[in-house]
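*Asks:* So the sequence shown is residues 3 to 100, counted in our numbering.
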Amino acid sequence: VLAMYTRRGGKAAAHSILPSCENIGVVSYLLVQTFESFYRRQFRQTRSKDMHLGIKRFAHLPSASFRTQIPGATGSDIKVSAANIEIGQAAYNIFRAL
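As structure tokens, then:
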């Protein structure tokens with residue numbers, strides 16, 4: 003997650019950046035970097051069809067698209083390298099179910 007947005011002050015109010023959040027219900031949009039499933043629990047930041055361009059993909063997700071939180075997301079459960087992320091088994095089981 004790169005940024006969170008919320009709307010305060012009614013229906014016609016503008017969205018504003020939310021620096022931190024205790025309750026996901028107040029978030030109206032998330033700006034996220036997307037990753038492609040690569041091999042089992044590994045995900046890469048550059049999709050295979052964009053590999054020749056070397057570009058990363060981002061998405062602006064509305065609140066209806068929020069899925070789930072990675073369970074037990076500690077430093078030992080997520081391994082980050084230069085171009086890949088590897089998630090733990092519990093998070094991978096949720097990914098497969100989705």
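Ideal Cβ positions, reconstructed from N, Cα and C, are used throughout, including at glycine.
Since the model is a prediction, treat every value here as computed from it, not as a measurement.
Where does Gln35 fall in DSSP's three states?
*Replies:* In the structure shown, Gln35 sits in a strand (DSSP, three-state: E or B).
*Asks:* For Glu67, does the three-state DSSP call read helix, strand or coil?
*Replies:* In the sequence as displayed, the identity of residue 67 is Ser instead of Glu. Three-state DSSP puts Ser67 in a helix.
*Asks:* What did DSSP end up calling Lys51 once you bin it into helix, strand or coil?
*Replies:* Lys51: helix per DSSP, three-state reduction.
*Asks:* Could you tell me the alpha carbon to alpha carbon distance between Lys51 and Leu32, rounded to whole angstroms?
*Replies:* Spanning the two alpha carbons is a distance of roughly 24 angstroms.
*Asks:* How would you call Ala93, buried or exposed, if buried means at least 16 neighbouring beta carbons within 10 angstroms?
*Replies:* By the neighbour-count rule (16 or more Cβ atoms within 10 Å), Ala93 is buried.
*Asks:* Give the DSSP-derived three-state secondary structure of Val82 in the structure shown.
*Replies:* Three-state DSSP puts Val82 in a strand.
*Asks:* Can you tell me whether Gln47 is buried or exposed, with buried defined as 16 or more other CB within 10 angstroms of its CB?
*Replies:* Label assigned to Gln47: buried.
*Asks:* If we count Cβ pairs, one from each stretch, closer than 8 angstroms, do we get three or more for the segment 61-68 versus the segment 20-36?
*Replies:* Because the criterion of three Cβ pairs below 8 angstroms is met, the segment 61-68 and the segment 20-36 touch.
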